[in-house]
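Report on the following structure.
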Amino acid sequence: MAEILRTPEPPIHLTSACPLDCPDACSLDVQVADGRVVKLDGSRRNPFTEGYICAKVRRFPELLYGEGRLLYPAVRKGAKGSGAFERISWDEALDLVAAKMREAKERWGGEAILPFCYGGSNGLLTHEAVDFRLFYRLGASRLLRTVCAAPTGRAATGLYGKMPGVAFSDYPLAKLIVLWGVNPSASGIHLVPVIQEAQRRGAGLVVIDPRKTPLAKKADLHLMPRPGGDLPLALSVIRWLFAGGKADLSFLAAHATGWEELRRRAEPWIFERAAEASGVAAEDIERFASLYAEASPAVLRTGWGFERNRNGGSAVAAALALPAVAGKFGVRGGGYTMSNSGAWGVIDRAAAVAEPEPATREINMNRLGETLLERRDPPVSVLFSYNCNPLATIPNQERVRRGLQREDLFTVVFEQVWTDTARYADLVLPATTFLEHAEMSRGYGAYVLHRSAAVAAPAGEARPNYAVFAELCRRLGLDRPGDPETAEELEAVLLRRSERMRGELDRDGIAAPDCGPAPVQFVDSFPLTSDRKAHLVPDDLDREAPHGLYAYQDDPATERYPLALISPATGRTVSSSLGHLYRDTVPLEMHPDDAARRGLAHGDTVRIWNDLAEVRTTLRVSADLRPGVVLLPKGMWSHHTLSGNTANALAPDSYADLGEGACFNDARVEVARAC
Ligand SMILES: Nc1nc2c(c(=O)[nH]1)N[C@H]1C(S)=C(S)[C@@H](COP(=O)(O)OP(=O)(O)OC[C@H]3O[C@@H](n4cnc5c(=O)[nH]c(N)nc54)[C@H](O)[C@@H]3O)O[C@H]1N2
Ligand SMILES: Nc1nc2c(c(=O)[nH]1)N[C@H]1C(S)=C(S)[C@@H](COP(=O)(O)OP(=O)(O)OC[C@H]3O[C@@H](n4cnc5c(=O)[nH]c(N)nc54)[C@H](O)[C@@H]3O)O[C@H]1N2
Ligand SMILES: [Mo]
28 MAEILRTPEP PIHLTSACPL DCPDACSLDV QVADGRVVKL DGSRRNPFTE
78 GYICAKVRRF PELLYGEGRL LYPAVRKGAK GSGAFERISW DEALDLVAAK
128 MREAKERWGG EAILPFCYGG SNGLLTHEAV DFRLFYRLGA SRLLRTVCAA
178 PTGRAATGLY GKMPGVAFSD YPLAKLIVLW GVNPSASGIH LVPVIQEAQR
228 RGAGLVVIDP RKTPLAKKAD LHLMPRPGGD LPLALSVIRW LFAGGKADLS
278 FLAAHATGWE ELRRRAEPWI FERAAEASGV AAEDIERFAS LYAEASPAVL
328 RTGWGFERNR NGGSAVAAAL ALPAVAGKFG VRGGGYTMSN SGAWGVIDRA
378 AAVAEPEPAT REINMNRLGE TLLERRDPPV SVLFSYNCNP LATIPNQERV
428 RRGLQREDLF TVVFEQVWTD TARYADLVLP ATTFLEHAEM SRGYGAYVLH
478 RSAAVAAPAG EARPNYAVFA ELCRRLGLDR PGDPETAEEL EAVLLRRSER
528 MRGELDRDGI AAPDCGPAPV QFVDSFPLTS DRKAHLVPDD LDREAPHGLY
578 AYQDDPATER YPLALISPAT GRTVSSSLGH LYRDTVPLEM HPDDAARRGL
628 AHGDTVRIWN DLAEVRTTLR VSADLRPGVV LLPKGMWSHH TLSGNTANAL
678 APDSYADLGE GACFNDARVE VARAC
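Just so we're aligned: 261 in our numbering is position 234 of the sequence shown, and the numbers increase by one with no gaps anywhere.
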């Protein structure tokens, strides 16, 4: 009765910051009543947020308090994958994990334990901190986190040492904006009005993407390469710049190495040959080349869509070489933006781990299925998944599933929600979200570091990563005096090299990186290479790429599997996060010509298959795609298709040419009506 009569408290407004995997790093205004979040929206603390956020994160209260939330530790009762679990106490759960880890270590050695995480949606306190300490001290296998940004990271590090890029706030100064394999309308919405502002001021817009993204529809020039065709396209522009006397030789002589070799490697790529390989008309490539050569400032925004194939690393490297060859640096609004994570080097992440990295075996996360099923040196006997949803996001999904079904594997899934992966766990542990624990997060687009306190009471018995990993260290006798464990202790060591950032966080709750909030490349921000020059054909990348850097590998399409399946980001999920909030079937998108050729119509039920798997879902016919390209979005859950598997079942676990990165967009498939 008392409960019913009590008038609800009016919500109070609290401050937070979104750590989800997105370049924008939004500052948030969170309304909280009775310890529960009732609403959240953008604030203006991070000026780039401008008081609004994406539709996805607005739905976060449904994640917090909805049906899918994981509230208590629980152990498996039914078959793996059946989803039948029984609640246990935290104490029992932690004892069980410690016992399984101890047992694995005694029987096989520490490498039989595989921590599985990506952490794209985690801030600095909940990833690569106490978690790594535990796994380093255990001598566990080390995970190569290659599912995203491995090729772009290798390319950007090799060429420029991850030099901080053009700030989004400087885009309106550009006369030309090039969006290459990036779709800000889904993957970082605050860039969209900035681009529109530049267009209002007369800037040209070029988009390079195999489909008509919302910004491609507003572009002056839209090049639609075949997935994986970007490398020849970029090389032909480089060739043309050199051949036509448009290369900035004085910039190259002063600030770059390897440019003569790059010129030599680009030499065979006349526009006609690039047109054949990329599927973009020679005239269109030439038009892009001359628009780019003429415009200043010109800014290139590269995304992640074109790294996810066999040529991905070289393609990103060739695109990033363009501003050096064409002399686009040195002016505000000119240069490139890739990931700006290199701006945060002063943050001492190793101090948060507080344990040197051991030389244990490395496992590439793209090969999780193979690892679980085939590695014997030693076999993985404990899999600890956190900050990641591997069954939804790793390639070769059916193989991952078979691996997770192994009866002799003990799988721990430490999660916020009941993901597809969690259903295969032997033990689940409930995690808090960024609204329920203290966090520090930094942008990889926006130049901002946030400190955020918990704004709501944890749902159920959820606990933060740092508390759980610290407790596991203790139970395994791996804790040491002085280990930073709490949010305050972790923050103190992370920022021990920067009084300034600590001061700014104390004063404003946000801080700028050392390069400042809007560096000009080659004026305030130089390559973080040994000689502060751009290395256009760096030796290490050249050695790593299977056929050398900038060597083009042909399209993997065959007669049996002629269609390129891409799986880009959508405005509904962040990777697979929040996917459980959408219950509808997600269709395959296909160009009308491809549908007509197969006698398919909008709304049909189709099967999409290759040698790895078959997926069944509905069909959406859309003229937004390049013919020959079909699309199933990234981040789908099993309930989004009729067959319970997704694009990841069709994605090969092969590697890109650099960084052993994932090749999601190298999936080649055939499609037919399902009987
Ligand atoms: N809403 C939302 N936002 C996100 C994410 C999310 O899942 N949802 N994910 C976050 C993460 S983890 C990342 S890595 C970033 C990714 O950010 P983006 O790179 O913008 O995202 P993608 O959708 O992977 O790819 C961008 C575009 O590349 C195109 N593309 C695919 N293959 C090729 C190709 O071979 N060549 C070219 N030129 N283009 C190609 C796709 O059609 C797509 O439009 O976004 C982050 N932001
Ligand atoms: N087909 C296809 N697949 C793709 C891609 C693609 O382009 N195509 N893109 C890839 C890319 S770019 C990326 S980045 C990956 C991302 O793949 P994942 O790293 O698997 O990312 P999410 O799907 O967001 O899963 C993160 C999970 O961590 C949980 N989590 C979040 N915070 C915490 C925390 O503090 N503690 C704990 N214990 N758990 C937490 C969330 O609930 C969520 O389920 O997906 C890749 N998968
Ligand atoms: Mo990503």
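C-beta: ideal position from N, C-alpha, C; glycine also.
Contacts around residue i, its chain only, beta-carbon distance under 7 Å, and the 5 residues preceding and following it disregarded
{"i": "residue 36", "result": "60, 61"}
{"i": "residue 456", "result": "100, 120, 439, 441, 495"}
{"i": "residue 654", "result": "618, 620, 621"}
{"i": "residue 290", "result": "269"}
{"i": "residue 415", "result": "143, 144, 145"}
{"i": "residue 582", "result": "253, 255"}
heavy atom of ligand 4 below 6 Å from residue i C-beta
{"i": "residue 238", "result": "Absence of ligand 4 from the depicted structure is noted, with ligand 1, ligand 2 and ligand 3 being the only ligands included."}
Three-state class that DSSP yields for residue i in the structure shown
{"i": "residue 28", "result": "Unreliable placement is indicated for residue 28, whose pLDDT of 44 sits below 50; the coordinate value is still reported in the next sentence. DSSP places residue 28 in coil when its eight states are reduced to three."}
{"i": "residue 553", "result": "coil"}
{"i": "residue 548", "result": "strand"}
{"i": "residue 142", "result": "strand"}
{"i": "residue 331", "result": "coil"}
{"i": "residue 670", "result": "coil"}
{"i": "residue 22", "result": "The structure shown does not extend to residue 22, since the chain is modelled only from 28 to 702, so the question has no answer here."}
{"i": "residue 58", "result": "strand"}
{"i": "residue 503", "result": "coil"}
{"i": "residue 452", "result": "coil"}
{"i": "residue 68", "result": "strand"}
{"i": "residue 222", "result": "helix"}
{"i": "residue 663", "result": "coil"}
Same chain, Cβ closer than 6 Å to residue i, neighbours up to 5 away in sequence not counted
{"i": "residue 547", "result": "359"}
{"i": "residue 351", "result": "283, 561"}
{"i": "residue 671", "result": "665"}
{"i": "residue 691", "result": "335, 594, 678"}
{"i": "residue 674", "result": "594, 659"}
{"i": "residue 160", "result": "380, 381, 382"}
{"i": "residue 328", "result": "206, 209, 364"}
{"i": "residue 183", "result": "189, 365"}
{"i": "residue 235", "result": "207, 250"}
{"i": "residue 280", "result": "none"}
{"i": "residue 47", "result": "148, 601"}
{"i": "residue 613", "result": "663, 667"}
{"i": "residue 432", "result": "107"}
{"i": "residue 311", "result": "250"}
Within 7 Å, strictly: CB atoms of residue i and residue j
{"i": "residue 98", "j": "residue 688", "result": "no"}
{"i": "residue 293", "j": "residue 346", "result": "no"}
{"i": "residue 418", "j": "residue 447", "result": "yes"}
{"i": "residue 357", "j": "residue 549", "result": "yes"}
{"i": "residue 348", "j": "residue 203", "result": "no"}
{"i": "residue 241", "j": "residue 224", "result": "no"}
{"i": "residue 245", "j": "residue 651", "result": "no"}
{"i": "residue 256", "j": "residue 306", "result": "yes"}
{"i": "residue 237", "j": "residue 296", "result": "no"}
{"i": "residue 115", "j": "residue 124", "result": "no"}
{"i": "residue 192", "j": "residue 365", "result": "yes"}
{"i": "residue 522", "j": "residue 528", "result": "yes"}
{"i": "residue 165", "j": "residue 140", "result": "yes"}
{"i": "residue 216", "j": "residue 81", "result": "yes"}
{"i": "residue 465", "j": "residue 481", "result": "yes"}
{"i": "residue 144", "j": "residue 413", "result": "yes"}
{"i": "residue 397", "j": "residue 169", "result": "no"}
{"i": "residue 87", "j": "residue 67", "result": "yes"}
Close Cβ partners of residue i (< 8 Å) along its chain, the five nearest in sequence each way excluded
{"i": "residue 372", "result": "541, 555"}
{"i": "residue 558", "result": "284"}
{"i": "residue 577", "result": "258, 262, 289, 292, 293, 341, 344, 345, 564"}
Runs of beta strand (DSSP E) wholly within the region 290 to 351 (minimum 3 residues, chain order): 325 to 329
Complete beta strand (DSSP E) runs within the region 133 to 207 (minimum length 3 residues, chain order): 140 to 143, 169 to 171, 203 to 207
Unbroken stretches of the beta strand (DSSP E), 3 residues or longer, contained in the region 237 to 300: 248 to 250
Any beta strand (DSSP E) of 3 or more consecutive residues that is wholly inside the region 547 to 624: 590 to 593, 615 to 617
Complete runs of the alpha helix (DSSP H) confined to the region 85 to 136 [at least 4 residues]: 87 to 92, 117 to 135
Sequence ranges, alpha helix (DSSP H) only - wholly within the region 370 to 412, length at least 4: 376 to 380, 395 to 401
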